[in-house]
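This report refers to the structure that appears directly beneath it.
Residue numbers (the working numbering): 25 to 562.
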């Protein structure tokens, strides 16, 4: 062998010297350099060729795991590009062996189908994690780690393998989040590494890994999968305890019952949605938010409602005679003898549960209205005792702190009730003669002298109380409310007296008179009830 090599070398030198003879010195140098490069390259490893052959020649396998909501999915159909079908096991996994290269697989679960591309390497295992989330299939792949180390093959042999000083141990114990019992046969994957293991009966698994930072995945058919990032492996043994929560399980059909909060915004929307007629509703929750103290102030927020004089309600622009007011579905008479409409400022919102405005007819309500019906629903037995107080001070630019008129009336005039000063001093009869009328007239208190008075600002005060008490299966309670308002006003009245003549009307007397008006209003509301086991109420 040695002689043959020497002979080849000599032939090479002979051929080069022949080239020098015929082509000159420069051409010979170029050919020498080219030959040297070719010879040197022939001794280098062909990394690209090795990689291509590894990816496209031979056979390998791919492990596919399918999850939903963190739990493995059993019996998912997976088909490869040759038409073979597989079904996931209890761990949600299948193993497919096929020629190296790229393959298209089809994943089917129920009516949903997805197509994904997987990569198989010769004599290696690839791992793919498929996660179903809201109809979308998410993919996470772990390819063989040796293809990430090709660059290190060109380095010195001292760096090709990790020494014992560069390795570390990771000791893991997997336990259940419910009870803390060890989980056996939990599979642990190391992302970017072919290393994996199964836990023993104590839920323990020990991994030998090069020092560094890793991402680990833990799966078990009866528990939700878990991925932990930035796990540091150092020279010493690292111990970790991880918890897995049990995967979801299917329950029998059951009904969830929740209490309905009366007067809430949700209850009012439900009322408007489920009635057969046209209804606008406002509840006690909205009363609190807007700060409305009376029903008159609250009803202004309803579309198509006009409030006149701060208390009378006109529906759809029609007068008070075309509407009715009901309290707990019972018709209310008007406290004013000459009007049909109810003054709503006497109803404080503290005792109301809701306020409904009906703008169409239904058989369960009286049809004695053309504009609409206003329904006031009083509060039921309160869930807890309460007390609310409201104080209002009113300023009128025409009368407050201005000079008005007053007179010495009864001592209880501020309450709106007479103390007896204005009592009739004689019995009422159907017929009086002249002598009797003169005698009775002299008995009246004729102290009607007026005097100037600086008019104070108006005020309004209200108090709402509620209480409940439980006796065995019975629940008793009441709500009460009281309101007092006192206000002053100056009204200018023009009054003229004319007499008729041939020349026309003649002004005999006239002028502008200033009237001082003191208005006192009081209102009270009382409600009581008894409830038996929340099924019967009175």
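Backbone N, C-alpha and C fix where the C-beta goes; we use that ideal spot for every residue, glycine too. Just so we're clear, the structure is a prediction, and the values are computed from it rather than from any experiment.
Proximity to residue 550 across 242, 544, 351 peaks at 351, based on C-alpha coordinates. The region 303-310 makes contact with the region 372-386, as at least three CB pairs between them are under 8 Å.
Annotated as distal: residue 395 and residue 336, with beta-carbon spacing of 8 Å or more.
Annotation: the continuous alpha helix (DSSP H) that includes residue 311 extends over 308-314.
Taking all protein chains shown into account, residue 512 has 16 or more neighbouring C-beta atoms within 10 Å of its C-beta and is therefore buried. The Cβ atoms of residue 141 and residue 130 do not sit closer than 8 Å to each other. Apart from the 5 residues on each side of it in sequence, residue 227 sits with its Cβ closer than 6 Å to the Cβ of 197, 198, 199, 206, 207 in its chain, given in chain order. About 5 Å separates the beta carbon of residue 523 from that of residue 530, a gap short enough to meet the 8 Å contact definition. Residue 320 and residue 542 have their C-alpha atoms some 21 Å from each other. The beta carbon of residue 201 sits closer than 8 Å to the beta carbons of 267, 268, 269, 270 from its chain, once the five residues preceding and following it are set aside; these are given in chain order. Bounds of the beta strand (DSSP E) holding residue 416 are 410-418. Given a length threshold of 3 residues, each whole run of the beta strand (DSSP E) inside the region 443-485 is given here in chain order: 474-478. Taking all protein chains in view, the Cβ of residue 535 is surrounded by fewer than 16 other Cβ atoms within 10 Å, so the residue is classified as exposed. Inclusion of residue 505 and residue 444 in the CB contact set at 8 Å is not warranted, their separation being larger than that value. Linking residue 403 to residue 373 through their CA atoms gives a straight-line distance of about 10 Å. Apart from the 5 residues on each side of it in sequence, residue 532 sits with its Cβ closer than 6 Å to the Cβ of 521, 523 in its chain, given in chain order. According to the DSSP assignment, residue 337 belongs to the beta strand (DSSP E) that extends over 336-339.
DSSP, read as helix, strand or coil, puts residue 375 in helix.
Distance between residue 519 and residue 420, taken at the CA atoms: about 24 Å. Assigned with DSSP and collapsed to three states, residue 297 falls in helix. Take the alpha-carbon of residue 353 and the one of residue 397: they are about 10 Å apart. In the three-state reduction of the DSSP assignment, residue 197 falls in the strand class. Excluding five sequence positions before and after residue 367, the CB atoms of its chain that fall closer than 6 Å to its own CB belong to 335, given in chain order.
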